[in-house]
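For the sequence shown, the numbering used here assigns the number 839 to the last residue and increments by one with no breaks. Cβ atoms here follow ideal geometry from the backbone N, Cα and C, with glycine treated the same way. Read the structure below first, then the notes.
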Amino acid sequence: MTACECTGRSFEEVELRMRRDGLSVIEAEGLTGCGSICTACLPDLRCYLGRHERPGPRAPKECVP
Ligand code: FES
775 MTACECTGRS FEEVELRMRR DGLSVIEAEG LTGCGSICTA CLPDLRCYLG
825 RHERPGPRAP KECVP
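Here is the structure:
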């Protein structure tokens, strides 16, 4: 998946917001709603965003495409 079907937001859009506002993955999910409705996109979203998250204890594990 490359987008959250429930919210209509692309992962790229969420990533841009993350970078612009200095958000963690969890913060970006909370603010956009992505991954919080049916959760089907959550694994792919976290993998996608995890590549761009600032280092910290909540950073997701490395994803294998
Ligand atoms: S597809 Fe993202 S929450 Fe449903």
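Length of the line joining the Cα atoms of residue i and residue j
i: residue 803; j: residue 814; result: 13 Å
i: residue 790; j: residue 820; result: 14 Å
i: residue 788; j: residue 817; result: 14 Å
i: residue 779; j: residue 796; result: 24 Å
i: residue 822; j: residue 809; result: 12 Å
i: residue 824; j: residue 775; result: 15 Å
i: residue 794; j: residue 807; result: 17 Å
Residue i: first and last residue of the uninterrupted alpha helix (DSSP H) it sits in
i: residue 824; result: 816 to 824
i: residue 792; result: 785 to 795
i: residue 716; result: A query on residue 716 cannot be resolved here, the shown segment of the chain reaching from 775 to 839 and no further.
Within-7 Å CB hit, residue i to chain D
i: residue 803; result: Here there is only one protein chain, and chain D is not present.
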